[in-house]
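In my numbering, the protein residues as written are 2 to 362.
Virtual Cβ for every residue (Gly too), placed ideally from N, Cα, C.
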């Protein structure tokens with residue numbers, strides 16, 4: 002019973018950590034939505050955000066006046082907006098700026114679940130839109146939209162009609178300039194160099210400025226990724242919760258292979274003494290990620306497969322001394338992984354297969 006309760010505690014901790022993830026760049030299936038090797042995310046308030054995806058910092062400085070483009074978009078969109086359609090559908094607008102004309106491509110995603118909000122003092126419920134609209138701006142001379150653009154500007158808003166309100170409330174140029182200033186002032190690297198790559202989350206509330214640089218470094222050089230996770234596995238007919246931290250060495254942003262060392266702690270209930278015991282494994286492994294052309298880097302939430310081997314370094318009576326653990330990833334969807342396991346001693350003696358469900362990177 003204690004093991005079951007501890008597992009629920011770990012799962013609730015994982016759920017809370019996911020719920021706090023507000024970034025459009027961090028988390029499952031997020032960063033891959035945006036073109037570019039590097040990204041700058043600017044919080045615009047009310048869950049709206051500006052995301053700039055680019056190959057080099059010079060592309061951003063060459064097109065800093067986003068407000069002027071948004072004014073063009075507002076005027077063009079008012080001529081084609083269809084108000085007869087359902088207001089809860091999500092709209093993706095691709096705004097292509099050519100040397101002689103402008104093109105708007107609209108894609109709609111219907112909301113499959115009807116969500117109603119009831120408020121005290123209001124007699125009628127409100128039908129809630131649960132997905133944001135996306136405006137993508139690209140500079141292109143192509144007649145047809147391309148699968149990938151080196152430079153794109155995204156505006157993620159609750160409704161495309163909010164773009165005009167954002168412009169009237171000082172626009173986005175000022176906050177973008179502040180974010181660019183943070184890039185220029187970064188102390189550890191010259192991130193303005195075309196050889197560099199990074200992700201930046203920028204947020205300002207009053208006089209408080211928050212900046213978070215994610216994996217800044219040489220665009221094609223190796224870097225380190227920290228990957229914590231929690232999980233629960235079925236081992237020897239018992240549910241065994243776990244905590245895990247991996248430090249992964251990624252050979253290049255342009256490749257999709259990571260080599261890792263990690264520490265895995267398994268928690269077992271001792272029914273006789275009514276205590277929880279721990280078994281720790283030191284692990285080493287390799288992971289193969291999908292690296293589609295539109296992402297320009299390993300997609301940590303889109304794993305092909307992984308393999309690891311671990312050696313028991315701190316044991317309890319649950320595992321014999323010298324126990325070896327083999328593991329791989331059979332399936333991953335966002336934060337969730339399904340990992341078959343095999344525990345044994347010596348030359349594959351005392352075999353115990355298992356399966357673990359992990360939550361995390």
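Whole-number beta carbon distance between residue j and residue i, since they are thought to touch under 8 Å
i	j	result
residue 331	residue 342	Incorrect: roughly 11 Å between the Cβ atoms, too far for contact.
residue 314	residue 281	5 Å
residue 266	residue 243	6 Å
residue 213	residue 202	4 Å
6 Å CB neighbourhood of residue i in its chain, flanking five on each side removed
i	result
residue 320	280, 313
residue 239	none
residue 93	108, 135
residue 49	158
residue 127	118
residue 65	none
Coarse secondary structure for residue i, derived from DSSP in three states
i	result
residue 35	coil
residue 334	strand
residue 44	strand
residue 318	coil
residue 251	strand
residue 191	coil
residue 69	helix
residue 50	strand
residue 110	strand
residue 343	strand
residue 77	helix
residue 246	strand
residue 123	coil
residue 59	helix
residue 260	strand
residue 278	strand
residue 90	coil
residue 115	coil
Neighbourhood of residue i by C-beta, 8 Å cutoff - its chain only, sequence neighbours within 5 removed
i	result
residue 112	87, 89, 90, 91, 130, 131, 132
residue 69	none
residue 337	358, 359, 360
Close Cβ partners of residue i (< 7 Å) along its chain, the five nearest in sequence each way excluded
i	result
residue 57	195
residue 72	168
residue 251	223, 224, 226, 259, 299
residue 193	58, 184, 185
Residue i CB to nearest heavy atom of the ligand FMN below 6 Å
i	result
residue 161	The ligand FMN is absent from the structure shown, which contains no ligand whatsoever.
*asked:* With three or more C-beta pairs closer than 8 Å as the rule, is the segment 186-199 touching the segment 94-111?
replied: no
*Does the pairing of the segment 156-163 with the segment 126-145 give three or more beta-carbon distances under 8 Å?*
yes
*asked:* Is it the case that the segment 58-77 contacts the segment 111-124, given that we only count it when at least three CB pairs across the two stretches are under 8 Å?
replied: No, because fewer than three Cβ pairs between the segment 111-124 and the segment 58-77 fall closer than 8 Å, the two stretches do not touch.
*What beta strand (DSSP E) runs, 3 residues minimum, are completely inside the segment 155-243?*
Every beta strand (DSSP E) of 3 residues or more that sits fully in the segment 155-243 is shown, in chain order, as 197-206, 209-219, 224-236.
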